[in-house]
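Following the numbering used here, the numbering of the sequence shown begins with 27 at its first residue and continues without gaps.
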Amino acid sequence: MKLRKGIAVTTTEYGGVLLDEKDGSYWQLNDTSIIVVDTLAAGNTPDIAVERILAAFDVERAEAESDVAELTRQLVDAKILRP
């Protein structure tokens with residue numbers, strides 16, 4: 027997966043922000059969401075994002091897998107990520 031052209035990602039102390047440079051819209055991301063976005067934008071799989079979340083947070087695998095799948099779906103639906 028790749029970020030669509032014109033999408034900038036900035037990490038903050040609270041997670042991160044996605045900015046659509048074309049229309050100025052933006053999305054705030056929490057700590058786990060920025061891990062997912064960074065991982066997928068780097069060309070890695072959702073499974074790698076799950077592993078990174080499990081290494082960083084005390085969360086059950088099923089919950090991490092569900093959250094990564096849902097966020098990935100939302101980002102693809104919003105045309106932020108391209109499969």
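Ideal Cβ positions, reconstructed from N, Cα and C, are used throughout, including at glycine.
Residues that DSSP places opposite residue i in a beta bridge
{"i": "Val-43", "result": "Thr-36, Gln-54"}
{"i": "Leu-107", "result": "Leu-29"}
Cβ-Cβ distance between residue i and residue j below 8 Å
{"i": "Ile-79", "j": "Val-94", "result": "yes"}
{"i": "Thr-37", "j": "Val-62", "result": "no"}
{"i": "Leu-55", "j": "Gly-69", "result": "no"}
{"i": "Leu-44", "j": "Trp-53", "result": "yes"}
{"i": "Val-102", "j": "Ala-90", "result": "no"}
For residue i, the first and last residue of its enclosing alpha helix (DSSP H)
{"i": "Ile-79", "result": "72 to 82"}
Nearest-angstrom beta carbon gap, residue j and residue i [assumed within contact, 8 Å]
{"i": "Arg-87", "j": "Arg-30", "result": "Not a contact, Cβ separation roughly 29 Å."}
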